[in-house]
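Residue numbers (numbering that gives the first Met the number 0): 0 to 643.
One structure below.
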Amino acid sequence: MKREIVFVAVLMTALTLAACTSGSTSTTVKAPVTTSTAAPTPSTTTTATTTTAVTAVALRTDCETCHTDIHETWTTGSHADTQQDVATELGEERAGQTPDDVIHGDDPENCIACHAPTAGATLNGVEALRMFFTTTDGVFTSDTAAKDASEWPAVTCTACHEVADDHPQESMPVIAAFDATTASYTAVGGASELCGQCHGTLRFPETDHLTYDDWKAGSHADTQADVAGELASERAGETPVDVISGDDPENCIACHGPSAVLANGGMSEQDAMAYFFTTDNGQFSSATTSAHSEEWPSVGCVSCHNPHNPRQPALLDSSTGEYLAMSSSSQLCGQCHGSLRFATDHLTFDAWSSSSHAATQADVAGELASERAGETPVDVISGDDPENCIACHGPTAVLANGGMSEADALAYFFTTDGGQFGDATAPDHASEWPSVGCSTCHDPHNPTQRSLFESASGEYVVMADDSQLCGQCHGNLRFPDTDHLSYNVLTGTGGIGVPDIRTMPGATCTSCHMYTSDVDGSNSSMQHGHTWAIITPEANGGTTASCSQCHTDFSSSDVEAKITAWQDAFQSLDAVVAGKVAAASEAMVDVDDADLQAKLDEAETNLALAEGDESGGFHNHEYLMALLRDAQARAEEVLSDLGK
């Protein structure tokens with residue numbers, strides 16, 4: 000099945016739930032309510048199958064009687080709405096196949112096992128496909144649709160929770176995955192491993208749903224050693240209580256393993272520190288190391304996804320055990336990679352918030368108003384002169400409202416008049432606009448791997464390096480006709496009649512724009528380059544310049560002077576050359592001369608490349624100047640040959 004990359008991708012997870020009652024050892028509960036969470040009863044008209052019948056298993060269907068708020072959250076989430084996805088997949092990819100082909104054929108895919116596992120309590124996979132999806136003459140077709148929707152269980156409570164008949168008051172039973180093929184529960188090692196049964200290869204090695212595998216390979220899946228190292232090097236002599244709530248508090252649990260507080264039936268953050276890290280007489284020491292590592296959750300699925308509504312960005316607050324809904328994925332990242340919750344030295348979000356990447360909607364609105372008046376969103380995205388504003392200025396905008404196309408995103412986030420943009424076009428739904436947020440360049444399930452979120456497909460595309468990532472929008476790697484050409488200028492390629500030149504061969508985009516110093520406590524160190532500024536102001540009134548990492552004899556003022564000098568030189572020559580090329584272009588009107596036209600084309604191409612750089616003349620300065628000089632020479636030749 001097609002891999003879903005929805006910034007907060009749909010994750011099958013589960014948490015220990017609060018008891019439905021407290022106090023007395025017995026309680027009167029209303030009769031079970033039969034809802035869509037019930038396991039279905041086979042239709043009496045189901046065609047016989049060669050598959051071994053499943054022995055019916057009784058599953059609880061009345062969870063919402065006590066867990067009303069959780070049930071309401073679940074009903075609005077993606078786990079409660081899975082049938083249509085299966086119907087679409089069957090119609091698009093399994094047309095011509097029988098239910099038995101899908102489950103047991105040459106290319107088997109057990110849709111029921113993950114999209115409605117508890118259907119397996121009374122039906123085998125083939126029976127379930129026959130019951131819930133239409134066929135024609137026994138085979139799926141492009142017209143295949145969902146049926147008996149009221150009986151479809153989706154991914155319900157008992158898919159992830161094994162609930163005893165005598166559901167105890169004190170706690171919910173342990174997390175377990177209901178296996179539709181055996182109609183029994185399989186114990187798992189934790190919430191993330193539970194998610195990985197369907198959102199990874201743990202059960203089905205051939206699946207293309209690899210969210211769990213991506214997470215497992217990333218830094219979010221391996222956080223315990225970092226905490227242990229910090230406790231040993233910086234917190235020796237302190238108790239867990241000192242670390243969490245002492246004179247210099249630092250809540251390691253809150254960000255490095257928030258669901259650790261759910262271990263052993265629940266514990267405080269202080270208790271989690273004592274449980275997961277060794278102490279000497281109750282104090283951390285230089286010998287402190289990890290403990291109970293097999294139970295440590297790291298930053299797992301349930302850290303950022305409420306399992307009962309996994310699409311909504313939400314943070315598990317380890318101090319309360321409750322989820323806090325976030326307005327955006329970037330705000331979610333900023334809870335730990337910024338100062339939104341804690342006074343911290345992790346200021347990536349704060350730096351990003353101050354950058355142009357965090358404020359792109361107004362630019363798009365201005366462009367639509369000034370250059371696209373009279374056009375519809377579809378015209379802009381895929382018309383005669385297409386320009387995909389969404390792809391670079393807010394790619395994850397396509398995830399709003401449960402998902403939309405790029406054209407729909409333009410219509411949603413920018414005002415129109417009669418369906419067309421006009422000179423009054425302005426931003427709309429601004430609170431939902433993502434700008435170029437964290438999840439544009441980081442797959443949240445493996446954030447250290449440089450990846451681009453592609454708005455057209457909803458997929459992440461892995462990049463070879465940082466500069467290739469930048470070049471997707473600041474160059475013509477994706478859109479050949481773009482006039483944003485900083486990447487091309489930096490690499491010194493694309494000109495006509497001008498040798499490829501690199502003024503600073505070893506420099507990449509991030510060498511200058513995302514430099515991070517090793518000075519502890521400096522803004523340059525704490526911001527991790529996410530202002531993209533070459534010169535970073537420091538709290539002490541000084542500055543850190545990225546250029547100084549190589550040009551060690553350059554001060555920040557020297558750097559500023561050099562940048563200004565190069566920009567002035569470029570802009571002065573550019574003004575002259577632009578005039579010459581314009582004059583040559585005007586002189587060539589009605590002139591039919593192939594040689595002169597070739598010279599004019601060279602002049603216009605090189606001028607456009609030079610002016611497509613966004614540094615004002617600093618990027619690869621020698622190459623920029625060579626482009627301008629060549630454009631000037633060719634334009635002057637045209638004018639001279641025409642006697643102008």
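Using N, Cα and C, we set each Cβ at its ideal position, and we do this for glycine too.
Note that the structure is a prediction, hence the values are computed from the model and not measured.
request  = Answer yes or no: do G491 and Y622 have a C-beta to C-beta separation smaller than 8 Å?
outcome  = Here residue 491 refers to the residue found at position 492 when the sequence shown is read from its first residue. Here residue 622 refers to the residue found at position 623 when the sequence shown is read from its first residue. Yes, they are a contact pair.
key: Inter-residue spacing [alpha-carbon to alpha-carbon] between R633 and D594   = Here residue 633 refers to the residue found at position 634 of the sequence shown. Here residue 594 refers to the residue found at position 595 of the sequence shown. So the alpha carbons of these two residues sit roughly 11 Å apart.
inquiry  = Within a Cβ cutoff of 6 Å, which residues of the same chain sit near L599, ignoring the five residues on either side of it in sequence?
reply    = By one-based count along the sequence shown, residue 599 stands at place 600. Here the set comprises A583, M587, V637.
ask   = Regarding G228 and the ligand ATP, is the C-beta to nearest heavy atom distance less than 7 Å?
value = With respect to small molecules bound, the structure shown includes none, and the ligand ATP cannot be examined in it.
task = Using the Cα positions of S692 and T81, report the straight-line distance between them to the nearest angstrom.
result = Any property of residue 692 remains undetermined from this structure, which presents the chain solely from 0 to 643.
task = Identify which residue in E293, P443, L572 has its Cα closest to the Cα of A609.
result = Here residue 609 refers to the residue found at position 610 when the sequence shown is read from its first residue. The shortest C-alpha separation from A609 is found at L572.
ask   = What three-state label does DSSP hand T535 in the structure shown?
value = Residue numbering aside, residue 535 sits at position 536 when the sequence shown is read from its first letter. Strand at T535.
task = Kindly list the residues whose CB is nearer than 8 Å to the CB of C303, restricted to its own chain and excluding five residues on each side of it in sequence; keep chain order.
result = Within the sequence shown, residue 303 is the residue found at index 304, counting from 1. Only V7, P312, A313, L314, L315, L331, P443 meet the Cβ criterion.
task = Report all residues from its chain with a CB closer than 7 Å to the CB of Q419; omit the five preceding and five following residues, and keep chain order.
result = Position 420 of the sequence shown, counting from 1, holds the residue named residue 419. Cβ within range, chain order: G373, E374, T375.
ask   = Does the beta-carbon distance from A115 to W73 come in below 8 Å?
value = Locating residue 115 in the sequence shown gives position 116, where the first residue counts as 1. Locating residue 73 in the sequence shown gives position 74, where the first residue counts as 1. Not closer than 8 Å, so no.
message = Once the 5 residues before and after A175 are set aside, which same chain residues still bring their CB inside 6 Å of it?
response = Mapped onto the sequence shown, residue 175 falls at position 176. Same-chain partners within the cutoff: E161, Y184, A186.
ask   = If you drop the 5 nearest sequence neighbours on each side, which residues of the same chain put their C-beta closer than 6 Å to that of I533?
value = Counted from its first residue, the sequence shown places residue 533 at position 534. C511, S545.
ask   = Which word fits L122, buried or exposed, when buried means at least 16 other C-beta atoms lie within 10 angstroms of its C-beta?
value = Mapped onto the sequence shown, residue 122 falls at position 123. Counting Cβ neighbours within 10 Å, L122 comes out buried, since at least 16 surround it.
task = Tell me where the alpha helix (DSSP H) around F131 begins and ends.
result = The sequence position of residue 131 within the sequence shown is 132, counting from 1. F131 -> alpha helix (DSSP H) spans 124 to 131.
message = Which complete alpha helix (DSSP H) runs does the stretch 550 to 632 hold, if anything under 4 residues is left out?
response = 555 to 586, 593 to 611
query = Whose C-alpha, out of V590, T509, E237, G320, is nearest the C-alpha of D646?
reply = It is not possible to answer for residue 646, since the shown part of the chain is limited to 0 through 643.
As assigned by DSSP and simplified to three states, the class of H428 = Here residue 428 refers to the residue found at position 429 when the sequence shown is read from its first residue. Coil.
key: Endpoints, beta strand (DSSP E) assigned at V460   = Taking the first residue of the sequence shown as 1, we reach residue 460 at position 461. Here the beta strand (DSSP E) through V460 covers 458 to 461.
inquiry  = Please return the same chain residues whose Cβ sits closer than 8 Å to the Cβ of L128, not counting the five positions on each side in sequence.
reply    = Here residue 128 corresponds to residue number 129 of the sequence shown, with the count starting at 1. Result list for L128: L89, P98, V101, I102, C110, I111, in chain order.
inquiry  = For the beta strand (DSSP E) containing S318, name the first residue and the last one.
reply    = In the sequence shown, residue 318 corresponds to position 319, counting from 1. Looking at the DSSP string, S318 is not in any beta strand (DSSP E), and its letter there is neither H nor E.
query = Just curious, the beta strand (DSSP E) that A177 is in, first and last residue?
reply = Taking the sequence shown and counting its residues from 1, the one referred to as residue 177 is at position 178. Checking the displayed sequence, the identity of residue 177 turns out to be Phe instead of Ala. Taken as a continuous stretch (DSSP letters only), the beta strand (DSSP E) holding F177 covers 175 to 178.
task = Pick helix, strand or coil for H78, following the three-state DSSP scheme.
result = In the sequence shown, residue 78 corresponds to position 79, counting from 1. Residue state, collapsed to three classes: helix.
key: Spatial distance of H529 from P433 (CA atoms)   = For the purposes of this step, residue 529 is taken as residue 530 along the sequence shown, with counting starting at 1. For the purposes of this step, residue 433 is taken as residue 434 along the sequence shown, with counting starting at 1. If you take the alpha carbons of H529 and P433, they lie about 16 Å apart.
ask   = Short check: CB of L659 to CB of V379, under 8 Å?
value = With the chain covering 0 to 643 only, the question about residue 659 has no answer from this structure.
request  = Could you tell me the boundaries of the alpha helix (DSSP H) in which S328 lies?
outcome  = Translated into the one-based positions of the sequence shown, residue 328 becomes position 329. Where S328 is concerned, the enclosing alpha helix (DSSP H) stretches over 328 to 333.
ask   = Between the Cα of G199 and the Cα atoms of N250, E370, K215, which residue gives the shortest distance?
value = Translated into the one-based positions of the sequence shown, residue 199 becomes position 200. Checked all of N250, E370, K215; the closest Cα to G199 is K215.
query = Based on the DSSP secondary-structure assignment, which residues constitute the bridge partners of H160?
reply = In the sequence shown, residue 160 corresponds to position 161, counting from 1. For H160, which the question treats as bridged, DSSP gives the partners I174.
ask   = Taking DSSP as the reference, what is the three-state secondary structure of S25?
value = Numbered from 1 along the sequence shown, position 26 holds the residue referred to as residue 25. With a pLDDT of only 27 at S25, under the threshold of 50, the placement of this residue in the model should not be trusted; the figure read from the coordinates follows. Coil, per DSSP.
message = If you measure between the beta carbons of M525 and D362, is that distance less than 8 Å?
response = Within the sequence shown, the letter at position 526 stands for residue 525. Within the sequence shown, the letter at position 363 stands for residue 362. Taking 8 Å as the Cβ cut-off, M525 and D362 do not qualify as a contacting pair.
ask   = What are the start and end residues of the alpha helix (DSSP H) that includes S381?
value = What you label residue 381 is simply residue 382 of the sequence shown in a count that begins at 1. Taken as a continuous stretch (DSSP letters only), the alpha helix (DSSP H) holding S381 covers 376 to 381.
message = On the CB-based measure, 16 or more other CB atoms within 10 Å of its CB, does G611 come out buried or exposed?
response = The sequence position of residue 611 within the sequence shown is 612, counting from 1. Per the 10 Å Cβ criterion, buried.
ask   = Do you know how far the Cα of H483 is from the Cα of M624?
value = Stepping through the sequence shown from its first residue, residue 624 is reached at position 625. Stepping through the sequence shown from its first residue, residue 483 is reached at position 484. Those two C-alpha atoms are separated by around 18 Å.
ask   = When the Cα atoms are used, what is the spatial distance from G217 to A324?
value = Position 218 of the sequence shown, counted from the start, is the residue given in the question as residue 217. Position 325 of the sequence shown, counted from the start, is the residue given in the question as residue 324. When rounded, the distance between both Cα atoms is 24 Å.
task = Compute the Euclidean distance between the alpha carbons of F657 and A286, then round it to the nearest angstrom.
result = In this structure the chain extends from 0 to 643, so residue 657 is not present and cannot be described.
ask   = How would you write the range of the beta strand (DSSP E) that T509 sits in, first residue to last?
value = Here the question's residue 509 lines up with position 510 in the sequence shown. First-last for T509: 508 to 512, but that is the alpha helix (DSSP H), not the beta strand (DSSP E).
request  = For A324, write down the residues that DSSP places opposite it in a beta bridge.
outcome  = The count along the sequence shown starts at 1 and reaches residue 324 at position 325. A324 pairs with A313.
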